[in-house]
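The block underneath contains the structure these notes are about, expressed in structure tokens.
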């Protein structure tokens, strides 16, 4: 070893031989480093492969065409658009005036000599092997070369006749059909034969059927309209091919005629942001990330990577120390033959280098192999096909370099420790005595104080989460630096412990060099787990307090608003058959116009109704004013606050958490009152007398009636609303009964019987049902009901009131398991190092007559002591960031509330409160179960008797 190169080559050869000899320890460290590298590399490969190039994106969007033309629905007025054709707005600023609306004849803007292919989409309920399925129907001549790239044919062929269709593979799988089967649609009995299957590369889970242009959607719409139902909407775009393509200037010229263009040439060569008029308008901009956001994201990623490397180093460092300890005689021989301390450090560091390089190679190779092998699975999960399998060498090399750096960093402390051993101590096996550093705990204490002050400032003064997170990270690193001193403090409790735990604790305190990294590793994992668990438990308590039931506990509701309630009887029967129903209340809704009209439909022939609020009962903050405008601007903030607090007309709805009911009015009988838990004999009597039962004081006029206005001209009604005038329409007055008090009605504001509605000249349509149950429906009953409803093919709004359901329990359990595994792993490594150190002591104990179980119990307590110290410190360190983040959130909500109070839109009594809840169950599991489990596991895997050998002479 006369030169630097030769000394390091020899050191690497020695390290490689030692790693091969200690296969178990090497495999453990290699796995700890290689698994994260494999995961990050696989993520990089997956992300880059799924990130489409502009050419790939153009092929999937517009096929082989040069552009896609579409109508934005602004009535042909000039527009601005972004280069991708995804955002658009009228070029004129309309302010508070109504925006233009209406269709545009796109065909008039096609350049001469263009080749045009129509692409239309709509929705229909198609027959399947199981019933009906609401499916997107597309009409695109897929066999035309212009559409090449939009669809990928998997089996069969594209349609050539008007009675042929192709279906996506996902639709065939969902529907139970196959190539060769026939299908039709509800209200449209014409059969179509499936001649092939295909997939949409960007939407693998799409349920879609494709036919020739004009073969399905137009005749289906006529059949639906003939049946008296609402005609389905059809959206049409145009694939245009023109020699030379469409430049950005040509796109802007077409925009002046009110048409949006997605151009291949623009996608491949987008204009500068300064050349895009849309980006110059207020409120419209390029929504890509800013340099500041990129820097923040990079800092966040760097922090996560740094903490992950620190955790790995803390876990792997003791393992390298075990290797150095067991090779101390070999290292002593190196020193005895003239080797310098730098040579010993090189040998130990080479161990980290060898393991790091091996982990980098294995992790990278596994990432490549697994990503290639699992590509179909990854594509199915993501719902889209990859583009080209994209390998970025510099990124992969950088990730692999992290493994090498991590291995070297993990071996630094063991290398320095090994080089400080004297030759005599290494050859004789003596450990010597080395006092721990007095500077490191002071640095750690300073970091804890500074980090805690930063976190406190962020939570109490600032509203930046980054400040709280950064301060908490600094404080946690300070606790890690103080770990050796804290371990020493734990040692003072040993005087009250029995023999085995006292020996274990004394050994851990005396050998802080190997104990502290393991404790710090446990501390870091547990601190993160406790922080996330505390934050999630606090959020859960907040959501539980804010939760408002939509129905009484165990009650069920099911609504169907399409096709005039055609499937409502079947839905009611399914609820009665599959759920433990006690009382079922069938309800209807008021409709205006065609029976199949949905609420607030804009289809010709459809209207709407509204419950008339007497002008004297309208809240002044919301009452319409002549000429339009915001009525609340007439009042000062103090007046608005007073109205919200004292004026009954401006009180918030007593049932904000209820189900949405159009107009708050339902048509049913007294059974609905029973289901909702409303006990009022007067209400039951009023229904029988033909009155409407109201739960709102504002609805009833001075004559004791409620007015229901039927609006047939929705355009005139919308214009009247904009001008602050009552909407035109026939008003039917119905005698009313108001339920006293403020019962919980779950969104229902008024109820009348079908006979009362008919007498008032109102048309009703089946809407659905409410039902109370004997017990909460179990999962099996829910699954059977869901399966039955799927067969109907209707969009059923089903709700089963289960009360507040915590969705975070699995996450909390997963975090606890993760922390437990890290704790056991770190404690196990520290225990292995302790056994290597204490072999002489164990032989002495055996020689003086100690029973064999002492060896096993000592090993268990050594592992348990490390786990307990790390868990205790980590639990305390993890509470700080969680509490800081919750306090920061509370400050933000308080600021928003103060602004609302200042503007007169809230009262002081509505101040928000965010609870901070400590997850005692998770902490109990970490503080008790994890150390106990680690101790028992270490005791079980330790042999009671060691190998007999002669003690080395000292």
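Residue numbers (our numbering): 19 to 972. For each residue, glycine too, the CB sits at the ideal point set by N, CA and C. Just so we're clear, the structure is a prediction, and the values are computed from it rather than from any experiment.
Entirely enclosed alpha helix (DSSP H) segments - the region 747-809, minimum 4 residues = 772-777
inquiry  = So, does the region 124-135 touch the region 172-186, judging by three or more C-beta pairs under 8 Å?
reply    = no
message = Checking the sheet assignment: what are the DSSP bridge partners for residue 184?
response = 214 and 228
query = Who are the near neighbours of residue 745 in its chain, counting only those whose CB is closer than 6 Å to its CB and skipping five residues on each side?
reply = 729, 735 and 738
inquiry  = Helix, strand or coil for residue 725? Go by DSSP, reduced to three states.
reply    = strand
Outcome for residue 35 when other beta-carbon atoms lying within 10 angstroms are tallied against a minimum of 16 = exposed
message = Bridge partners for residue 143 per DSSP, in chain order?
response = 152
task = Return helix, strand or coil for residue 69, following the three-state DSSP convention.
result = coil
Reduced DSSP secondary structure (H/G/I, E/B, other) of residue 112 = coil
message = Quick check on residue 575: does DSSP put it in helix, strand or coil?
response = strand
Inside the region 578-604 only - alpha helix (DSSP H) runs reaching at least 4 residues = 586-596
task = Would you mind working out which of 936, 170 and 113 sits nearest residue 554, comparing C-alpha positions?
result = 936
message = Quick check: the region 759-770 against the region 789-800, are at least 3 beta-carbon pairs closer than 8 Å?
response = no
ask   = Do you know offhand how far residue 214's Cα is from residue 164's?
value = 19 Å
inquiry  = I need the boundaries of the alpha helix (DSSP H) containing residue 892, first residue and last residue.
reply    = 871-921
Anticipated Cβ contact below 8 Å, residue 9 with residue 526, distance rounded = Because the chain in this structure spans residues 19 to 972, residue 9 falls outside the shown range and cannot be described.
request  = Using a threshold of 8 Å, state whether the C-beta atoms of residue 30 and residue 368 are closer than that.
outcome  = yes
ask   = Nearest to residue 559 by CA position, among 933, 587 and 237, is which residue?
value = 933
ask   = By how many angstroms is the C-alpha of residue 743 removed from the C-alpha of residue 648?
value = 14 Å
request  = Quick one: give me the first and last residue of the alpha helix (DSSP H) that residue 298 is part of.
outcome  = 295-298
task = Closer than 7 Å by C-beta to residue 223: which residues in its own chain qualify, once you throw out the five before and the five after it? Chain order, please.
result = 188 and 401
Residues bridged to residue 624 [DSSP beta-bridge criterion] = 611
task = Answer with buried or exposed for residue 674, where buried requires no fewer than 16 other C-beta atoms within 10 angstroms of its C-beta.
result = Since pLDDT at residue 674 reaches only 48, below the 50 mark, its modelled position is unreliable, and the value read off the structure follows with that caveat. Exposed, by the Cβ-count rule.
Where residue 90 sits in the DSSP three-state scheme = coil
Endpoints, alpha helix (DSSP H) assigned at residue 940 = 938-942
request  = Determine, using beta-carbon pairs with one atom in the region 869-889 and one in the region 944-953, whether at least three such pairs fall under 8 Å.
outcome  = yes
message = Alpha carbons only, please: which of 877, 218 and 687 is nearest the one belonging to residue 788?
response = 687
query = Under a three-way DSSP split, which group does residue 2 fall into?
reply = In the structure as shown, the chain begins at 19 and stops at 972. Residue 2 is therefore absent and cannot be evaluated.
inquiry  = For residue 296 and residue 260, I'd like the C-alpha separation in whole angstroms.
reply    = 26 Å
query = Nearest to residue 61 by alpha carbon, out of 266, 27, 377 and 414?
reply = 414
task = Please check the pair residue 685 and residue 770, which I expect to be a contact at CB under 8 Å, by giving their CB distance rounded to whole angstroms.
result = 6 Å
ask   = Hey, residue 52 and residue 380 are a contact pair by Cβ (cut 8 Å); roughly how many whole angstroms apart?
value = 5 Å
query = For the alpha helix (DSSP H) that contains residue 474, what are its first and last residues?
reply = 457-478
inquiry  = Looking only at its chain, what residues have a beta carbon closer than 6 Å to the beta carbon of residue 603, apart from the 5 residues adjacent to it on each side?
reply    = 686, 689, 690, 693 and 788
inquiry  = Taking the beta strand (DSSP E) that residue 174 belongs to, which residues open and close that run?
reply    = 170-174
ask   = Can you name the start and end residues of the alpha helix (DSSP H) that residue 361 belongs to?
value = 359-391
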